[in-house]
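Undergrad: Dropping the structure in here first, questions after.
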Amino acid sequence: MNALQLNNPQFKSILQQATNLIALPLVGIAMFLLIWSMAADRIDTSLGKFPGPSQVATQAVALYDEHVAEREKAAAFYERQEKRNAARIAKDPTYEPKIRKYTGKETFFDQIVTSLITVMSGFILAAAVAIPLGIAIGLNKKLNIAVNPIVQLFKPVSPLAWLPLVTMVVSALYVSPDPVVPKSFLNSMITVTLCCLWPMVINTSVGVASIDKDLVNVSRVLRLPALKHVQKIVLPASIPAIFTGMRLSLGVAWMVLIAAEMLAQNPGLGKFVWDEFQNGSSDSLSRIMTAVIVIGFIGFLLDRVMLQVQRVVSWDKAGAH
Amino acid sequence: MSVILDISKIDMVFPTPKGPFTALKEVDLQISKGEFVSLIGHSGCGKSTVLNVVAGLYQASKGGVILNGREVSEPGPERAVVFQNHSLLPWLTAYQNVELAVKQVFGRSKSKAEIKDWVEHNLKLVHMDHAMNKRPDEISGGMKQRVGIARALAMQPEVLLMDEPFGALDALTRAHMQDSLMEIQAELNNTVIMITHDVDEAVLLSDRIVMMTNGPAATIGEILDINLERPRERLALAEDPEYNHLRSEVLKFLYEKQRKVEPISATKSTKESTKKTTEVA
Ligand SMILES: Nc1ncnc2c1ncn2[C@@H]1O[C@H](COP(=O)(O)OP(=O)(O)O)[C@@H](O)[C@H]1O
Ligand SMILES: [Mg+2]
Chain A
54 MNALQLNNPQ
64 FKSILQQATN
74 LIALPLVGIA
84 MFLLIWSMAA
94 DRIDTSLGKF
104 PGPSQVATQA
114 VALYDEHVAE
124 REKAAAFYER
134 QEKRNAARIA
144 KDPTYEPKIR
154 KYTGKETFFD
164 QIVTSLITVM
174 SGFILAAAVA
184 IPLGIAIGLN
194 KKLNIAVNPI
204 VQLFKPVSPL
214 AWLPLVTMVV
224 SALYVSPDPV
234 VPKSFLNSMI
244 TVTLCCLWPM
254 VINTSVGVAS
264 IDKDLVNVSR
274 VLRLPALKHV
284 QKIVLPASIP
294 AIFTGMRLSL
304 GVAWMVLIAA
314 EMLAQNPGLG
324 KFVWDEFQNG
334 SSDSLSRIMT
344 AVIVIGFIGF
354 LLDRVMLQVQ
364 RVVSWDKAGA
374 H
Chain B
1008 MSVILDISKI
1018 DMVFPTPKGP
1028 FTALKEVDLQ
1038 ISKGEFVSLI
1048 GHSGCGKSTV
1058 LNVVAGLYQA
1068 SKGGVILNGR
1078 EVSEPGPERA
1088 VVFQNHSLLP
1098 WLTAYQNVEL
1108 AVKQVFGRSK
1118 SKAEIKDWVE
1128 HNLKLVHMDH
1138 AMNKRPDEIS
1148 GGMKQRVGIA
1158 RALAMQPEVL
1168 LMDEPFGALD
1178 ALTRAHMQDS
1188 LMEIQAELNN
1198 TVIMITHDVD
1208 EAVLLSDRIV
1218 MMTNGPAATI
1228 GEILDINLER
1238 PRERLALAED
1248 PEYNHLRSEV
1258 LKFLYEKQRK
1268 VEPISATKST
1278 KESTKKTTEV
1288 A
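Heads up: the protein sequence lines correspond to chains A and B, in order.
The first sequence begins at 54 in our numbering and counts up by one.
The second sequence begins at 1008 in our numbering and counts up by one.
In structure tokens form, the structure reads like this:
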């Protein structure tokens, strides 16, 4: 490459962008890995040395292999069952085959899926309650004054404090011989809902209450009926604030869910961490560390997904970053 | 000419933390059909308050507004408002902004095709048909104001209310907008109340200029009839003695009779300002 090309301002700016986007984050990660492995070497626990990056990488692969092996076992189980049933039907055409479910151990990846489903269900339930409520509060000053003390009181409560109450109430009320979803799922989900509720209610109501007065006047001059006013003016105007609330609460929800799963032994990534801790094998710490990194990465992805949704839904492109 | 709008002795008292504040006192004005009336006065005197009472956005504390023989009690599209800062919905295109108003006002009486034609017709009227599908943040301030005017015109209001519609625009754009407005006015002959703080704008556009005294308890000071022939041509008028006379009448009212006493002028030693300062203090 000659000097002329290097001095080209366009080339320079591309180079700068590449540095900012790729090189600098890579340097950061490399530094982190270095410090981590140096520190890990020095920490001795009752379960052996604290895992460094390489042990974690090994365990990540091992967890994946276990998952694949478990799936193969399951597939084999169903195949055997099918063959058995086919054979019995051949002998006795009136026989109605029973399909038994495979009851193997839940793998790391199963736990990830469980946690994701739980957090999304709880989050969506919270949004379905919080956004209409927030709009109502934002539109009506009197309602706002009436509801405000309750919101302020419950907002600082860690949702984990609700967990025992939720568990008891679910056990008492959710009695069905053939439950659609397991109780443990409901417990985790409701805990997530409780912690998502407040940031969404508050942000939505503040967004609605701070709509430009001129836009409200436009609506009044046009005599838009109440529902149309909400649909055409209030909702679009407060979309940025609503998304701020949603992203805040989804972030908190993910953190809380893991803790709730650990505490209540509900299936999910939290339970995986707890089980490994109780297990106390020499690999446990590496496997927990793998989970920690995966939890962080999923949390990051969740926020990115919300941001992407916001970009698609919101007119306010400047607000979505 | 028949009176279409009767602003009948309105008072406006705002409740404030420091007690009631009388913004307007006995504002009384009758406007005929097709008349173009400007409200002029120093900032903060109560021009917007008058307009908001006529629009129905504020309720007068005393007196009332009668449009076509019926008292006004709430806002409505027959008194369309052009707001100072355009107030277009930022998530809708120019077309959709006008369409929202047209659908709301004519949704029952016009077919889909007629609605589309009417929206486009009004955007054409303000020369915005080329940017119909642009959002407010993609067009200039003058263009936004044009769309705001198109939206108001599309409601076919009995009275068009404009609150400093060109106040935020640069001088060249403003002149352009004034010419456009005169063109539209010649075609549609709307009844208009326009607030302005630009003396030339007031003289150029109006049939009457209503000059307001300074607040608190502001009221109508003088009314000046502008009988300049239409169509008016800004260049020709610049040398017209009648135009310049009218212009200086307004200036005299604003800067002699209703001299606004700002803290800066308190140090000036002219008799006039000293006297006024003590009066206010
Ligand atoms: N909603 C309100 N509450 C209290 N005071 C108000 C309100 N609106 C206007 N005022 C006061 O009334 C006066 C006139 O205001 P305004 O009509 O906006 O003046 P202008 O449009 O002539 O600049 C000002 O002193 C202003 O502070
Ligand atoms: Mg004003």
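C-beta atoms are modelled at their ideal positions from N, C-alpha and C, and glycine is treated no differently.
1. Taking the alpha carbon of E1236/B as the point to measure from, which residue in M1189/B, S1094/B, I1014/B, V1154/B has its own alpha carbon closest?
2. Going along the chain, which residues of its own chain have a beta-carbon closer than 8 Å to the beta-carbon of D369/A, five neighbours each way excluded?
3. Using the beta-carbon of each residue, which ones in chain A are nearer than 8 Å to L1107/B?
4. Using a Cβ cut-off of 8 Å, pull out every chain A residue sitting near S1050/B, in sequence order please.
5. Straight-line CA distance for P1082/B to V233/A?
6. Counting C-beta neighbours from all protein chains within 10 Å, is the total for Y155/A 16 or more, i.e. buried, or is it exposed?
7. What is the residue span of the alpha helix (DSSP H) that E1208/B lies within?
8. Give the single residue among D1207/B, A1224/B, G1076/B whose Cα lies nearest to the Cα of T1029/B.
9. Could you give the first and the last residue of the continuous beta strand (DSSP E) run that contains D265/A?
10. Just to confirm the assignment: which complete alpha helix (DSSP H) runs, minimum length 4, are found wholly within the segment 103 to 167 of chain A?
11. Using only the alpha-carbon positions, how far apart do A312/A and T98/A sit?
12. For a contact defined as C-beta to C-beta under 7 Å, what are the partners of V271/A on chain B?
13. Can we count D267/A as close to ligand 2, meaning its CB is less than 7 Å from some heavy atom?
14. Would you check if there are 3 or more beta carbon pairs closer than 8 Å linking the segment 1008 to 1016 of chain B to the segment 1125 to 1140 of chain B?
15. I'd like to know whether the C-beta of Q1163/B is nearer than 8 Å to at least one C-beta of chain A.
16. Going along the segment 1066 to 1095 of chain B in order, which residues come within less than 9 Å of chain A, judged by CB to CB distance?
17. Cβ closer than 9 Å: which chain A residues qualify as neighbours of P1024/B?
18. Output the distance between the C-alpha atoms of D231/A and P217/A, rounded to the nearest integer angstrom.
19. Please report the straight-line C-alpha distance between D265/A and A1178/B, rounded to a whole angstrom.
20. Taking Cβ positions only, does A1273/B come closer than 8 Å to chain A?
21. Using a Cβ-Cβ distance cut-off of 8 Å, determine whether L1167/B contacts chain A.
22. Restricting to runs no shorter than 3 residues, where is the beta strand (DSSP E) found entirely within the segment 1228 to 1270 of chain B?
23. Please determine, among E1033/B, L1046/B, A1243/B, the residue with the shortest C-alpha to C-alpha distance to R1215/B.
24. Following a CB-centred definition, is F1090/B positioned closer than 7 Å to any heavy atom of ligand 1?
25. Residues of chain B with CB closer than 8 Å to the CB of L268/A, please, in chain order.
26. On the premise that A1138/B lies in contact with A1101/B, defined as a C-beta separation below 8 Å, what is that separation, rounded to the nearest angstrom?
27. If you measure from the CB of F1028/B, is any heavy atom of ligand 1 nearer than 7 Å?
28. Whole angstroms are fine: how far does the CA of G352/A sit from the CA of M359/A?
29. Is the CB of W307/A under 8 Å away from at least one CB in chain B?
30. Could you tell me whether the Cβ of P289/A comes closer than 8 Å to any Cβ of chain B?
31. Confirm the yes/no value for this check: CB of K1054/B, any heavy atom of ligand 1, distance under 7 Å.
32. Is the CB of A1062/B under 8 Å away from at least one CB in chain A?
33. Runs of 4 residues minimum, wholly inside the segment 64 to 101 of chain A: which ones carry the alpha helix (DSSP H) assignment?
34. Let me check understanding here. Comparing Cα to Cα, which of E1240/B, S1213/B, K1267/B, E1229/B lies closest to S1039/B?
35. Determine whether the beta carbon atoms of G1222/B and G1026/B lie at a separation below 8 Å.
36. Is V271/A near S1094/B, with beta carbons less than 8 Å apart?
TA: For this structure:
1. Nearest to E1236/B by C-alpha distance, out of M1189/B, S1094/B, I1014/B, V1154/B, is M1189/B.
2. For D369/A, where only same-chain residues beyond five positions count, the Cβ hits under 8 Å are I292, P293.
3. From the beta-carbon of L1107/B, the residues of chain A found nearer than 8 Å are L275, K285.
4. When 8 Å is used as the limit between beta carbons, S1050/B is near no residue of chain A, the shortest such separation being about 18 Å.
5. If you draw a straight line from the Cα of P1082/B to the Cα of V233/A, it comes to about 53 Å.
6. With fewer than 16 Cβ atoms within 10 Å of its Cβ, Y155/A is classed as exposed.
7. Note, E1208/B: alpha helix (DSSP H), 1206 to 1212.
8. Of the candidates D1207/B, A1224/B, G1076/B, the one whose C-alpha sits nearest the C-alpha of T1029/B is A1224/B.
9. Membership of D265/A in any beta strand (DSSP E) is not indicated, and neither H nor E is assigned to it by DSSP.
10. Segments of the alpha helix (DSSP H) lying fully in the segment 103 to 167 of chain A: 106 to 144.
11. A direct Cα-to-Cα measurement between A312/A and T98/A gives close to 23 Å.
12. Within 7 Å Cβ-Cβ: S1094.
13. Checking the Cβ of D267/A against ligand 2 gives no.
14. Contact annotation: the segment 1008 to 1016 of chain B does not touch the segment 1125 to 1140 of chain B, with fewer than three C-beta pairs closer than 8 Å.
15. For Q1163/B, no Cβ of chain A is located within less than 8 Å of the residue's own Cβ.
16. When C-beta distances to chain A are compared with 9 Å, the residues of the segment 1066 to 1095 of chain B below that value are E1081, P1082, G1083, P1084, R1086, A1087, V1088, F1090, Q1091, N1092, H1093, S1094, L1095, in chain order.
17. Under the 9 Å cutoff, chain A gives no residues; its nearest Cβ is about 17 Å from P1024/B.
18. Approximately 23 Å between the Cα atoms of the pair.
19. Approximately 27 Å between the Cα atoms of the pair.
20. Note on A1273/B: pLDDT 48, under 50, position unreliable in the model; no value is reported.
21. Taking CB atoms only, L1167/B has no neighbour in chain A less than 8 Å away.
22. As far as the segment 1228 to 1270 of chain B is concerned, it has no whole beta strand (DSSP E) run of at least 3 residues.
23. Among E1033/B, L1046/B, A1243/B, the Cα nearest to that of R1215/B belongs to L1046/B.
24. Distances from the CB of F1090/B to the heavy atoms of ligand 1 are all 7 Å or more.
25. Close partners of L268/A in chain B (Cβ separation under 8 Å): S1094, L1096.
26. Confirmed, Cβ separation roughly 6 Å.
27. For ligand 1, at least one heavy atom lies less than 7 Å from the Cβ of F1028/B.
28. M359/A and G352/A: Cα-Cα distance of roughly 11 Å.
29. It does not; no Cβ of chain B falls within 8 Å.
30. Yes, contact with chain B.
31. The nearest non-hydrogen atom of ligand 1 is less than 7 Å from the C-beta of K1054/B.
32. Interface residue, yes.
33. Entirely contained in the segment 64 to 101 of chain A, the alpha helix (DSSP H) runs reaching 4 residues are, in chain order, 77 to 95.
34. Selected option, being the one with the closest Cα: S1213/B.
35. Result no, Cβ atoms of G1222/B and G1026/B do not sit closer than 8 Å.
36. V271/A places its beta carbon less than 8 Å from that of S1094/B.
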